[in-house]
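To start, the structure itself, in structure tokens.
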Amino acid sequence: MIKVSGVTKRYPARLAVDDISFEVSRGEILGFLGPNGAGKTTTMRMLTGYLPMSSGTIEVAGYDVATQPQEVRRRIGYLPENCPLYPEMRVDEYLRFRADLKGVKGSARKAKINEVKEQCGLTEVGRRIIGQLSKGYRQRVGLADSLVHDPELLILDEPTVGLDPYQIRQVRELIKQLSEKHTILLCTHILPEVEAICERILIINEGKIVAADTEANLHRKLHACAVIEMEVKAGQEEVRAKIDAVEGMDIRNCSELDQGWIWVEIEADSSEMRVELFNLAVTEGWPLRELSEQEHSLEDTFVQITRNTGGAQ
Amino acid sequence: MRTFLSLFKKEVQTCFLSPIAFVVLFFFWVLSGLNFWWLLVQLADGEPLTRATQQIFGGLIGFSLLVIVPLITMRLFAEERKLGTLESLLTTPLTSLELVLAKFAGSLVFYAVLWLPVVAYTVIQQNLSPVEAMQFPDFGALRAGFLGVMLVGGLYISIGLLMSSLTSNQIVAAISGFALLAVLFFSMMFLAYTSPDPLLRAAGQYFSSYAHLLDFSRGIVNGWSVVLYLSTTAWVLFASVRVVESKRT
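Each protein sequence line maps, in turn, to chains A and B. The opening residue of the first sequence carries number 1 in my numbering; numbering runs sequentially from there. The opening residue of the second sequence carries number 1001 in my numbering; numbering runs sequentially from there.
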């Protein structure tokens, strides 16, 4: 669906996107992550043909963005950052206007507008003026607009920014539903969103793609070792000495809890070493009330990847 | 064509929805009313009608276009840039040319509405004036006058539109549009009317919109000036298309 090869965007003062390549296949939901200023929005804008690239090629649905921009735009539904709308227009009026621009004709237009209004929960507010709608509703108007010409590819640039938790959940549900029919490129720096929705993740930092894989694979690659947490009732010194003596285990952190309990964080070669820790506690006669492997959140992975690559430069 | 029409409709709507539009309408209509009153006073003083007709199109109202037009055009692209809607427009299948033409045509319609009371005044004068001498001998001069204000207005609008396409700040667009128009208008007017050198004076006559407005209102439709206005307007609009295509940050 999307084929980006060797794309670079150079501004007079800086390199915004540096030789990136990736592919998105039909029907996929790809999460496009990166810290602020990493080049996410620039990449989205090049994909939609809004910004020309300095070098490289982008193909969308088999059409070249540089040479056949009209064909590409017909197939893309794009929700730009901050969801720009005309505040003086009514919702229906705006959707009709946008449908016209995108070549949705005649009777199909009316049906399609009603359909996207229903999908996005806008049936009640059709007569309202956009400038008087809440942020959540405006975001939905933007989303409805991006869907109105039934695009093959949806590009959403931070669709949930500024929404309350309830609205965020609604928009996420909607995006999930949409993924049944459309290919989606979701650009965000809100990680739980990506965890909840996306099949594959692309991380960009300082204009370069630094990781591209499924979430599980990213974790596996990054965290070769496991982090194990344990709570036992014993002297701190004794626990430190015993655990450090075991091959392939290091104490990362250790602190006193109440009533003689201590909490230990251990870096181990594999999560299976939990068994050895259990056996150790039994032989030493330490009462044990907690033994678990720390789950890696996408946040850890993200921070680690972007920090590593940032530090390298 | 469909895209153009729906863009055009939206432009006209937005034009009339903005508060600026009503301020502009108010002042322009007050001015044109005063102008008409002044015309009647002159006629009552025995001034011949042909000379007095120039009052309708020239005079104060000719000068006011320098301020009025940039106020109409300032929001065209500057507002789209500010709101970010330029991005959502240019990522639909429409072309920059359609967008520029629709905005130009929308403003031209608003500009034409500005002149409607003046049309009404001429009709009133024709039908209600008590003496024959105050009636227009024929409508040719009037028609030429209206053609003139539309040609001059078209050029001014295109210049205002170009200035608006260069910035995201409406005030900057208005002031730079006014400055550019004023420089063109006054430099050519001074050349045409005050230069001692006959060659320079002739050159000024060729390019001064003030001189053209007066010519048109006398019923002189000069092929040269029609071509000048149409081609310059087209050229400035083309420049705006290029700006919209290239300036996208």
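Cβ coordinates follow ideal geometry from the N, Cα and C atoms, glycine included.
Below-8 Å beta-carbon distance, residue i vs any chain B residue
{"i": "residue 22 of chain A", "result": "no"}
{"i": "residue 150 of chain A", "result": "no"}
{"i": "residue 3 of chain A", "result": "no"}
{"i": "residue 8 of chain A", "result": "no"}
{"i": "residue 97 of chain A", "result": "yes"}
{"i": "residue 321 of chain A", "result": "The requested residue 321 of chain A is not part of the displayed model; chain A covers only 1 to 313."}
{"i": "residue 199 of chain A", "result": "no"}
{"i": "residue 106 of chain A", "result": "no"}
{"i": "residue 73 of chain A", "result": "yes"}
{"i": "residue 205 of chain A", "result": "no"}
{"i": "residue 311 of chain A", "result": "Caution is warranted here: a pLDDT of 43 is assigned to residue 311 of chain A, below 50, making its placement in the model unreliable, and no coordinate value can be reported."}
Which of helix, strand or coil DSSP assigns to residue i
{"i": "residue 8 of chain A", "result": "strand"}
{"i": "residue 301 of chain A", "result": "helix"}
{"i": "residue 1015 of chain B", "result": "helix"}
{"i": "residue 1225 of chain B", "result": "helix"}
{"i": "residue 312 of chain A", "result": "Model confidence at residue 312 of chain A stands at a pLDDT of 39, short of 50, so the residue's coordinates are unreliable; what they give is reported in the following sentence. Looking at residue 312 of chain A - three-state DSSP - the assignment turns out to be helix."}
{"i": "residue 38 of chain A", "result": "coil"}
{"i": "residue 15 of chain A", "result": "strand"}
{"i": "residue 1008 of chain B", "result": "helix"}
{"i": "residue 1035 of chain B", "result": "helix"}
{"i": "residue 289 of chain A", "result": "strand"}
{"i": "residue 249 of chain A", "result": "strand"}
{"i": "residue 200 of chain A", "result": "strand"}
{"i": "residue 1241 of chain B", "result": "helix"}
{"i": "residue 86 of chain A", "result": "coil"}
{"i": "residue 1001 of chain B", "result": "coil"}
{"i": "residue 23 of chain A", "result": "strand"}
{"i": "residue 226 of chain A", "result": "strand"}
Residue i burial status per 10 Å Cβ neighbour count (16 or more: buried)
{"i": "residue 1149 of chain B", "result": "buried"}
{"i": "residue 11 of chain A", "result": "exposed"}
{"i": "residue 1110 of chain B", "result": "buried"}
{"i": "residue 145 of chain A", "result": "buried"}
{"i": "residue 176 of chain A", "result": "exposed"}
{"i": "residue 37 of chain A", "result": "exposed"}
{"i": "residue 1229 of chain B", "result": "buried"}
{"i": "residue 1060 of chain B", "result": "exposed"}
{"i": "residue 111 of chain A", "result": "exposed"}
{"i": "residue 131 of chain A", "result": "exposed"}
{"i": "residue 1065 of chain B", "result": "buried"}
{"i": "residue 1077 of chain B", "result": "buried"}
{"i": "residue 1199 of chain B", "result": "exposed"}
{"i": "residue 1193 of chain B", "result": "exposed"}
{"i": "residue 80 of chain A", "result": "buried"}
Bridge partners - residue i, DSSP secondary structure assignment
{"i": "residue 78 of chain A", "result": "A/155"}
{"i": "residue 254 of chain A", "result": "A/264"}
{"i": "residue 58 of chain A", "result": "A/4"}
{"i": "residue 30 of chain A", "result": "A/185, A/200"}
{"i": "residue 1188 of chain B", "result": "Answer by DSSP bridge pairing: none, since residue 1188 of chain B is not bridged."}
{"i": "residue 205 of chain A", "result": "A/208"}
{"i": "residue 232 of chain A", "result": "A/262, A/288"}
Chain A within 8 Å of residue i, Cβ atoms only
{"i": "residue 1248 of chain B", "result": "yes"}
{"i": "residue 1151 of chain B", "result": "no"}
{"i": "residue 1243 of chain B", "result": "no"}
{"i": "residue 983 of chain B", "result": "In this structure chain B extends from 1001 to 1249, so residue 983 of chain B is not present and cannot be described."}
{"i": "residue 1081 of chain B", "result": "no"}
{"i": "residue 1087 of chain B", "result": "yes"}
(request) Could I get the ranges of all uninterrupted beta strand (DSSP E) runs contained in the segment 141-198 of chain A, with 3 residues as the minimum, in chain order? (result) Listed in chain order, the complete beta strand (DSSP E) runs (minimum 3 residues) inside the segment 141-198 of chain A are 153-157, 183-188.
(message) Which complete alpha helix (DSSP H) runs does the segment 89-141 of chain A hold, if anything under 4 residues is left out?
(response) With a minimum length of 4 residues, the continuous alpha helix (DSSP H) runs that stay inside the segment 89-141 of chain A are 91-101, 106-119.
(message) Which runs of the beta strand (DSSP E) at least 3 residues long sit entirely within the segment 1073-1153 of chain B? Give them in chain order.
(response) Runs of the beta strand (DSSP E) spanning 3 or more residues and lying entirely within the segment 1073-1153 of chain B do not occur at all.
(message) Going residue by residue through the segment 1194-1222 of chain B, where are the continuous alpha helix (DSSP H) segments of at least 4 residues, counting only ones entirely within it?
(response) Counting whole runs of 4 or more residues, the segment 1194-1222 of chain B contains the alpha helix (DSSP H) stretches 1198-1207, 1209-1217.
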